[in-house]
Amino acid sequence: MGVHDAMNYVLFNNPVASGVWGFLSSSNGIKSKNAAIAQQAAAAASTQAVAAVTPPVWKLLGSSRHILKLAGLSGAAAVMLGAYGAHHRFNIVDEKERDPKSIFEMTNRYHFLHSLALLAAPLARKPYLTTVLMTSGMALFCGTCYYISFTNDRRVGKFTPVGGFLLIFGWLSFML
């Protein structure tokens with residue numbers, strides 16, 4: 655070891671000097687070229703490792719998948735029973751006697767509940783199918799009912815059952 659090497663060790667390469675230099679440079683945002691390259695390589699490797707191991711969300715359910723299927727069946731049954739109750743002849747003589755406010759309240763309730771159900775769509779085995787069915791159903795069913803309640807124009811009412819069926823199929827898609 656020559657004088658040059660000894661001075662280099664004392665001033666730069668010993669553990670104390672390296673620690674002080676590392677602290678000062680990191681606190682001021684100064685990085686050596688090798689440290690920056692090493693940090694980028696480590697970040698890329700950890701990102702690739704995380705991406706390679708992350709399973710789809712529906713696989714995270716494990717043995718609890720039957721609960722999601724039950725929720726899908728329950729939601730579909732709720733939509734079907736709601737449709738039956740909406741068209742059942744209780745004491746309404748004429749279909750046009752329905753109060754626009756009651757149509758609005760029913761529509762708003764369906765819209766809100768299906769918006770919440772849409773939050774569970776990523777848990778489905780086919781999340782894009784579930785999302786498309788739910789959003790299309792909400793647009794057709796709730797959109798036409800909102801229109802009827804605001805304008806009392808019932809010409810668009812023929813599209814409401816299509817939206818209802820799409821909502822039912824959206825709920826059933828949780829069972830796939």
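In case it helps, our numbering puts the sequence shown at residues 655 to 830.
The beta-carbon is built from N, C-alpha and C at its ideal position, and this holds for glycine as well.
Spatial neighbours of residue i within its chain, please: C-beta separation below 8 angstroms, excluding the five flanking residues on both sides.
{"i": "Ser827", "result": "Gly726, Ala778, Lys780, Leu783, Thr784, Leu787"}
{"i": "Phe766", "result": "none"}
{"i": "Leu770", "result": "none"}
{"i": "Ala774", "result": "Leu722, Ala725, Phe828"}
{"i": "Thr805", "result": "none"}
{"i": "Asp815", "result": "Reading the sequence as shown, one finds Pro at residue 815 and not Asp. Counting only Cβ-Cβ distances below 8 angstroms, and skipping sequence neighbours, we find Ala737."}
{"i": "Thr789", "result": "Leu772"}
Looking only at its own chain, which residues have a Cβ that is under 6 angstroms from the Cβ of residue i, when we skip the five neighbours before and after it?
{"i": "Thr708", "result": "none"}
{"i": "Phe823", "result": "Leu787"}
{"i": "Thr761", "result": "Cys796, Cys799, Tyr800"}
{"i": "Val810", "result": "Thr798, Tyr801"}
{"i": "Leu830", "result": "Arg779, Lys780"}
For residue i, count the other beta carbons within 10 Å of its own beta carbon; 16 or more makes it buried, fewer makes it exposed. Which is it?
{"i": "Val733", "result": "buried"}
{"i": "His720", "result": "exposed"}
{"i": "Phe795", "result": "buried"}
{"i": "Tyr663", "result": "exposed"}
{"i": "Leu821", "result": "buried"}
{"i": "Ser803", "result": "buried"}
{"i": "Tyr738", "result": "exposed"}
{"i": "Gly791", "result": "buried"}
{"i": "Gly817", "result": "buried"}
{"i": "His658", "result": "exposed"}
{"i": "His768", "result": "buried"}
Assign residue i to one of three DSSP states: helix, strand, or coil.
{"i": "Asn806", "result": "coil"}
{"i": "Gly818", "result": "helix"}
{"i": "Asp753", "result": "coil"}
{"i": "Asn662", "result": "helix"}
{"i": "Asn668", "result": "coil"}
{"i": "Gly729", "result": "helix"}
{"i": "Thr708", "result": "coil"}
{"i": "Gly656", "result": "coil"}
{"i": "Leu830", "result": "coil"}
Please list, in chain order, all residues of the same chain as residue i whose beta carbon is under 7 angstroms from its beta carbon, the five residues on each side excluded.
{"i": "Phe813", "result": "Leu794, Thr798"}
{"i": "Ala730", "result": "Ile822, Trp825, Leu826"}
Between residue i and residue j, which are expected to be in contact by the criterion C-beta below 8 angstroms, what is the C-beta distance as a whole number of angstroms?
{"i": "Val711", "j": "Pro754", "result": "Not a contact, Cβ separation roughly 40 angstroms."}
**Q.** alpha helix (DSSP H) segments (min. 4 residues) lying fully within the segment 770 to 794
**A.** 781 to 791
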